[in-house]
Structures are given as structure tokens and as C-alpha cells.
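Quick note, this note's numbering runs 3 ahead of the 1-based positions in the sequence shown.
Beta carbons are placed, not taken as given, at the ideal position from N, Cα and C, and that holds for glycine.
As the structure is a computational prediction, the values presented were derived from the model and not from experiment.
See structure below.
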Amino acid sequence: MSSQTFKYLRREGASSRYCCVPFCKMSSRFNSVISFHSFPLHKETRKKWLHSIRREDYKVSPNTRVCSRHFRSDDFFEQSTPTSRRLLKKGAVPTLFMWSDSPSTSAPKRFGLWKKKRVSSALKQDLVPEEVQHNEHDYCSSVVQDDLVLDQTEDLRKEVERLKRKLAELAVLQRFCLGRFAASDDDIRFYTRFATYNHLMAFWRLIEPASHNMVGLTRARAAATTEVGSSDSTSCQSMQPIDEFFLFLVHLSVGLTERDLAHRFNIHPSTVSRIITTWANFLHAILRSVRIWMSEEAVKAHMPKEFQDYPDTHVVIDCIELRCQTTSSLHLQGEGSQCTYKGLIGMAPHGAVTFVSPIFAGSISDKELLKQSGFVSLLKHEMAIMINKGFFIDDCVPCRVYRPAYLVKREQMPADEVSETQSTVLLKVHTERLFCRVKQHKLLDALIPRSDTTTINQLYTVACLLINYQNGPLLKAWADD
């Protein structure tokens with residue numbers, strides 16, 4: 004038999020060497036043709052070997068070998084010695100592997116394992132050419148393009164990641180949720196009245212721990228229906244807490260109806276109603292628990308220079324009126340079928356809301372509203388309040404009252420009153436700007452829907468108290484004080 008014919012022989016007494024290439028099971032114990040080569044000492048060449056065999060983190064030992072099947076024929080040279088050892092050329096790198104996907108077109112068809120077993124050894128020499136026997140299990144006949152394949156795989160992986168991110172972005176854009184508008188502060192301002200997305204998330208971090216203890220009606224219902232084996236369509240109606248909070252802010256700030264919100268958030272109108280009621284009660288309880296009435300020292304510490312002529316002013320107050328729908332009939336609405344409510348709001352000179360009364364029937368007088376609101380009990384003799392010219396409460400409060408002068412059966416005001424009135428009216432403009440901030444919540448500026456009548460007090464209170472978190476100072480110049 005030719006010396007070049009490949010054979011598997013059991014070598015008795017020889018130490019076994021194994022190939023470290025993945026999927027290669029070649030061992031020196033069962034052949035005498037395949038040679039085994041140790042890793043080069045040169046660091047860069049060794050690194051190329053590890054990268055080529057796809058074992059870059061592999062720890063190489065003095066006994067680690069790579070068999071000759073993974074080298075090209077021209078990577079070897081024979082020693083001119085009696086032993087005729089086959090050695091690798093300097094810089095040779097293994098490039099032929101089972102995962103190579105470009106087999107040589109000239110290589111003959113190989114027989115399967117079971118077919119070989121069925122062919123007798125006598126016919127094997129006639130059926131299989133001698134060069135096939137020599138090249139069996141030898142990758143020297145393959146054209147290697149490993150680097151190209153690896154580059155293509157990496158490009159495909161990056162493309163898949165890009166498409167996944169694009170798909171996630173499109174999924175968010177198709178949903179009406181907070182994440183859809185997170186990149187636009189203008190949209191956040193329009194839908195929530197918070198100045199920026201960062202302002203909104205800062206407020207959310209304040210209330211988020213308490214929201215875990217809130218048993219939301221929608222989530223409680225979803226949990227109950229899940230226990231009894233409800234359908235997937237019902238469970239899909241449950242929303243994340245932050246999106247429920249966003250829905251409530253959209254209703255309060257933009258004044259969208261429950262049916263409109265149901266279409267936007269893809270939930271049932273009754274679910275929208277439960278979310279609004281739940282969050283109105285929750286925020287009312289949370290914000291009411293914070294003490295907003297400021298001490299005299301705190302007010303003076305933040306007193307803007309515009310109030311230097313009125314240094315003892317502690318609060319500026321006025322009443323606000325709300326209109327509420329009382330019937331679903333459009334015909335009756337046109338005939339005045341609506342009711343009104345009144346509320347008292349107090350603002351510190353630097354623009355913070357420091358007092359919010361409950362709402363009362365619109366028929367109540369301003370003086371009576373002041374008495375019943377509990378505002379008078381907060382005042383001290385050394386304080387002063389600023390009010391509108393039509394607000395006659397001097398005999399109800401124990402402190403000084405600043406009010407713009409007005410004509411009472413007089414043809415002309417004294418010069419000192421004119422000067423004081425001009426100064427007071429200028430400051431009173433800031434109070435009007437405060438009320439504008441309240442009315443920027445479109446739900447309170449328009450005719451309040453009949454569905455919100457049960458929570459009108461909570462909605463009004465939350466809208467007023469949120470001003471302290473949504474905006475900065477009323478005057479830009481006050482931001483530096």
C-alpha cells in the first residue's frame with residue numbers, strides 16, 4: 004500500500020495527543036499520518052491561531068496541539084533527515100475547518116459513514132480513488148474564506164440589532180403614552196403643563212413610592228379577572244402606573260373627554276373614568292398632606308424686590324369661579340343648565356401657592372367664602388394681605404389689607420392714592436397670572452363635564468397645587484433672587 008494512503012492505526016505505547024480545534028476529534032493514538040503541532044511562541048502569531056480556531060479566551064498549555072488537517076499543503080516543509088519530520092513554515096496559520104463554507108469544486112463526492120461500512124474493503128480501492136483516500140477528513144482541498152464569513156456575520160448581527168431598535172421605536176410611536184413624547188419638552192408642556200420632561204419625572208419620583216400602596220381600580224379589577232381566568236383582551240387593558248398618571252394629566256391639562264382618551268389609549272371609556280377618579284383622589288391626598296402655608300421668615304427670605312414698598316405682605320388672595328355641566332342634554336345646556344363653584348387661592352409674593360380652599364357653591368359671597376375657608380385662622384396681626392379692589396373683607400381679618408384705591412362717590416382720587424394704586428395694581432397683575440396658570444388646565448377653564456362633578460373638588464385642588472411643581476417663578480427676574 005502506498006505510504007501516502009490515509010490510515011487509522013492504533014499506536015501502542017505512544018502518548019496521546021489531541022487537536023484543540025472545536026468539532027475536531029483527531030487523536031495521535033489512532034493514526035500515524037496526521038501530525039500535531041504546538042502553538043507558536045510569538046505572541047502575535049499565537050493570537051492569530053486562537054482567533055482562527057475561534058478560541059480567543061482559550062488558555063494554551065505546552066501540550067496544546069492543532070492537527071495538520073487544518074493547514075494548507077503549502078504551509079509545510081519536510082526536514083532532510085532520516086526521520087523526515089513534517090514541520091510548519093514560519094508564520095503559518097490554521098485556516099481549514101469544518102465550518103468553512105467554500106468547499107473546493109474539484110473535490111470528489113465523499114461517501115457517508117454507513118455507506119463506507121457497507122462497502123467491502125476489497126472494492127474500496129476500486130471505488131474510491133487514491134487521492135480521495137489521502138484527502139479524506141483533510142481540509143486541505145477547501146478554499147477558506149473565514150475572515151469574509153466573520154465580517155458578513157458581524158454586519159448581519161449589527162443590522163438585526165438596528166432593526167430591533169427601529170421596531171421598538173415604531174411600537175412606542177404607535178402608542179399614546181408618556182414615552183412617545185419624552186423627547187419633546189413642548190409636547191410635555193402641552194399635555195401635562197410641566198415645564199419639561201425632567202420636571203415631570205422629578206415629580207413622578209416623589210409620588211412613585213406612595214403609588215405602590217394605591218390600589219388602583221383598573222389594576223385591582225385586572226387582578227381579580229385574571230384569578231378567575233379572564234380573557235387576554237381584559238388583562239391587556241391594565242396600564243403601567245406612570246401611563247395612568249399621564250392619562251390623568253392629559254385629562255386635566257388638555258380637557259380631553261373620556262371617549263377621546265379611550266380611543267387614544269386604546270382602553271374602554273369606563274376604564275378611563277376609573278383611572279381619573281383613582282388618581283384624582285390619590286393626588287389630592289398626597290398633595291394635601293404637604294404643608295404649603297409658609298412662615299413669615301420663609302416669605303421674607305424669598306421676598307422679591309418688586310414688593311419692597313410692601314415688605315409685610317404675606318399672601319395675595321383672590322377668588323376663582325368654575326362652571327360645571329349639570330345635564331347631558333345639549334338643548335338644556337344652551338338654556339343655562341349649568342352650575343358654578345367658587346374657590347379661594349392664596350399666593351406668596353414670589354409666586355408659590357400657599358393656600359387652596361375647598362370649593363363652594365357659586366352663590367356664596369366672597370366674604371362668606373373667606374370665613375368658611377379657614378384662611379382667617381392662619382393670619383397674624385403683624386402680617387399683611389393683598390386683595391382685589393372688589394374684595395371687601397377688611398372687617399374679617401386681623402391684619403393689614405392692601406387694596407387698589409377706587410372711587411366711592413368721589414370725582415377724583417388724591418395724589419397719594421393714585422401713586423399707591425398704580426403700584427398695587429402692578430403687583431396685582433401677578434395674581435392674575437397665577438390664575439392664568441390655574442386656568443391653563445383646560446378642564447377648569449371650559450365647561451367641566453358632568454362626569455367630573457363627583458371629583459370636582461379634588462380636580463380643582465390638584466390643579467392648583469400642581470402649579471408649585473410644574474412651573475418656575477412668575478417673573479424671570481425672581482429666579483435669581
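Looking only at DSSP bridge pairs, what is residue i linked to?
i	result
M350	V319, V356
M297	None; M297 has no bridge partner.
I388	V318, V404
T343	R326
S30	Y21
Helix, strand or coil for residue i? Go by DSSP, reduced to three states.
i	result
H287	helix
F80	strand
T156	helix
Y21	strand
S366	coil
C70	strand
D235	Its pLDDT being 41, under 50, D235 is placed unreliably by the model, and the measurement read from it follows with that caveat. The answer is helix: DSSP assigns D235 an H, G or I state.
H54	helix
A205	helix
G377	coil
I3	Past the edges of the chain, shown from 4 to 484, lies residue 3, and the structure says nothing about it.
P65	coil
V146	With a pLDDT of 42 at V146, under the threshold of 50, the modelled position of that residue is not reliable, and the figure given next carries that caveat. In the structure shown, V146 sits in coil (DSSP, three-state: anything other than H, G, I, E or B).
V163	helix
Y313	coil
S35	coil
I214	Contrary to the premise, residue 214 reads as Ser rather than Ile in this sequence. Helix.
W102	coil
L372	helix
F179	coil
E59	coil
L382	coil
P272	helix
S292	coil
L44	coil
T456	helix
A198	coil
Could you spell out the range, first to last residue, of the beta strand (DSSP E) harbouring residue i?
i	result
A449	Note, A449: premise wrong, no beta strand (DSSP E); not H, not E.
F39	39 to 41
L3	Outside the shown range of the chain, which is 4 to 484, sits residue 3, and nothing can be said about it.
If contacts are defined as beta-carbon pairs under 8 Å, then residue i and residue j qualify, I think. What distance do you get, rounded to the angstrom?
i	j	result
R294	Q473	The pair is not a contact, with the Cβ atoms about 19 Å apart (cut-off 8 Å).
F251	W282	4 Å
T357	A364	No, T357 and A364 are not in contact; Cβ-Cβ is about 24 Å, not under 8 Å.
I191	Q328	Contact flag wrong, Cβ pair sits at about 29 Å.
Y194	F206	Actually they do not touch by this definition, with Cβ atoms about 14 Å apart.
S30	R20	7 Å
Along the chain, where does the alpha helix (DSSP H) that runs through residue i open and close?
i	result
I459	459 to 473
R262	261 to 268
S256	244 to 257
Y529	Residue 529 lies beyond the stretch modelled for the chain, which goes from 4 to 484, so this question has no answer here.
Is any beta-carbon of chain C found at less than 8 Å from that of residue i?
i	result
A265	Absence of chain C from the displayed structure is noted, only one protein chain being present.
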